[in-house]
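Protein chains in written order, with our numbering: chain Y, 1 to 106; chain A, 1001 to 1106.
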DNA sequence: TGTATATATGAATTGTTGTTCATATATTTA
DNA sequence: TAAATATATGAACAACAATTCATATATACA
């Protein structure tokens, strides 16, 4: 089933927000974090270790994602576990991924 | 029907390409151009006029989209008409838009 | 062939963004 | 309460990206 894209009237504001939203996916570090969290919540240190990144880098990027409500933190003792906040995120990730993989095949 | 995001093993390279891909949507000018082209092909000058942007701004951004094969040009006389090259683009645009609109409602 | 029109491009500038490093805050435990 | 651990944050720096302006190229037409 192929959906025809139908253009709606979308305000400048909404288009701006949309581009801002896509920006969150437009960085390698953040997309790797998002990818990791697709399999479940994880602590900051675990993310850093798994992705082989400095703790500070991960914290900075998590703050950006958290501020945008893409991830949400839960404290447990001194660890803070981050999880994806929105169900749509996986969908967007996968749609983009499908495109990339489709193009790879040619 | 809600799809559970299932994490696959994705190479670092692919994740990088994915973030690069999302970058194209992460700019107001480009997302406005993409939005416009969802309704069909359009010449450079028509895009510039419709979006109230300098011709040079539009050309620069079109080059970026063209290089990434997101749009394709067709010359007719001295006008060049640009169209979205990939069917996925509308899908990705709409998925992001759905997210934005969903959040607006709260 | 010269002029007008449509688009593309290069260089300079400016604004933005990611990382690094140092340090601060919060929590646990000795 | 002091030390250790986990995370967050601010400032500085470097890399990058978007716009502007000037100009180049390509096509059409008089």
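All residues carry an ideal CB built from backbone N, CA and C; glycine is no exception.
Start-end ranges of the beta strand (DSSP E) lying completely within the region 47 to 98 of chain Y, minimum 3 residues: 71 to 76, 79 to 84
N- and C-terminal bounds of the alpha helix (DSSP H) containing residue 1039(A): No alpha helix (DSSP H) contains residue 1039(A), which DSSP labels as neither H nor E.
Span separating the alpha-carbon of residue 27(Y) from that of residue 1074(A): 32 angstroms
Chain A residues whose Cβ lies nearer than 9 angstroms to that of residue 60(Y): Those within 9 angstroms of residue 60(Y) in chain A number zero; the least Cβ separation is about 16 angstroms.
Beta carbon proximity, residue 18(Y) to chain A, threshold 7 angstroms: yes
Minimum C-alpha distance to residue 76(Y) - residue among 12(Y), 23(Y), 42(Y): 42(Y)
At least 3 beta-carbon pairs within less than 8 angstroms: the region 35 to 50 of chain Y vs the region 81 to 90 of chain Y: yes
Any chain Y beta carbon closer than 7 angstroms to residue 1049(A): no
Coil, strand or helix - residue 1013(A) by DSSP: helix
C-alpha distance - residue 1098(A) paired with residue 11(Y), whole-angstrom precision: 14 angstroms
Residue environment, residue 1008(A), which counts as buried when at least 16 other CB atoms sit within 10 Å: exposed
C-beta neighbour in chain Y for residue 1095(A), strict 7 angstroms: yes
At least 3 beta-carbon pairs within less than 8 angstroms: the region 1055 to 1063 of chain A vs the region 52 to 63 of chain Y: no
Reduced DSSP secondary structure (H/G/I, E/B, other) of residue 1022(A): helix
Beta-carbon proximity of residue 100(Y) to residue 1018(A), cut-off 7 angstroms: yes
7 angstroms Cβ cutoff, residue 66(Y) in contact with chain A: no
Reduced DSSP secondary structure (H/G/I, E/B, other) of residue 1002(A): Low local confidence applies: a pLDDT of 49 at residue 1002(A) is under 50, so the model's placement there is unreliable, and no value is given.
Residue of 1033(A), 1029(A), 1016(A) minimising C-alpha distance to residue 1090(A): 1033(A)
With 16 other Cβ atoms within 10 Å as the buried cut-off, status of residue 1030(A): buried
Residue from 1087(A), 1104(A), 1103(A), 1070(A) whose Cα sits closest to the Cα of residue 1023(A): 1070(A)
Contact with chain A by residue 54(Y), beta-carbon distance below 7 angstroms: no
Cross-chain neighbours of residue 41(Y) in chain A, by beta carbon under 8 angstroms: What residue 41(Y) touches in chain A: nothing, since even the nearest Cβ is about 13 angstroms away.
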